[in-house]
Amino acid sequence: MFERLFPRRKPAPKPLPQPNAQLALGALLVRVALADRNYNAAEVGQIDRILARTFGLKPLEAAKLRATCEALERDAPGTPEFVELLREEVDYADRKALGEAMWSVALADGARDEKEEIQLLAIETALGLTDQDMQIAREDALRNL
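The structure is reproduced here in structure tokens:
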């Protein structure tokens with residue numbers, strides 16, 4: 001009875017961390033996976049593998065980082081801010097590898113989706129990747145599909 005009269009207040013959400021290159025990368029990977037509104041286990045697993053491999057994390061650490069990136073992607077600034085951070089802090093070869101990683105996330109569910117591809121193209125372009133490098137990343141990902 002008292003619960004209805006005096007409902008408990010939800011605790012204030014923890015503030016999100018300031019984006020850095022690591023969080024920006026994860027948030028962009030999540031953003032690509034969410035573009036088709038179908039965020040599934042295959043995509044989650046691929047993001048975790050990319051984060052673990054890229055940053056030398058154990059599986060549980062990668063999953064925790066991904067969870068933070070999901071919250072950041074949901075509540076943080078748009079793609080341009082994440083991309084700008086990566087362009088400032090990450091060299092071209094690593095940004096190119098990011099493009100390849102994003103393709104592997106987009107295709108992790110075994111299907112091509114126009115919305116994911118549009119999101120990916122926008123991110124790759126903003127990252128300053130050349131048309132040739134974008135084409136190679138796409139072809140490599142499709143070959144592995």
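Here UniProt numbering is used: the first residue of the sequence shown is 1, the next is one more, and so on.
Even glycine gets a Cβ: it sits at the ideal position worked out from N, Cα and C.
Bear in mind the structure is a predicted one, so any value in this text is a computation, not a measurement.
Item, Value
"Backbone CA spacing between leucine 98 and leucine 25 [nearest angstrom]", "8 Å"
"Identity of the residue in Lys115, Glu88, Ala106 and Arg53 nearest aspartate 140 by Cα", "Ala106"
"Contacts around serine 104, its chain only, beta-carbon distance under 8 Å, and the 5 residues preceding and following it disregarded", "Gln46, Ile50, Ala141 and Asn144"
"Rounded separation between leucine 57 and arginine 112 - CA only", "29 Å"
"Check whether glutamate 73 and alanine 27 have beta carbons under 7 Å apart", "yes"
"Opening and closing residue of the alpha helix (DSSP H) in which lysine 58 lies", "Neither: lysine 58 is in no alpha helix (DSSP H) and is coded neither H nor E."
"Per-residue burial, glutamine 119 [other beta carbons within 10 Å of its own, 16 or more giving buried]", "buried"
"Which listed residue (Thr130, Cys69, Leu65 and Ala62) has its alpha carbon closest to that of residue 154", "Outside the shown range of the chain, which is 1 to 145, sits residue 154, and nothing can be said about it."
"Counted within 10 angstroms of its Cβ, other Cβ atoms place proline 59 as buried (16 or more) or exposed", "exposed"
"Inter-residue Cα distance where the pair is valine 83 and arginine 95", "10 Å"
"Three-state secondary structure (DSSP) of threonine 130", "coil"
"Chain-order list of residues whose beta-carbon lies under 8 Å from that of alanine 42 (same chain, five-residue window excluded)", "Ala108, Asp109 and Gly110"
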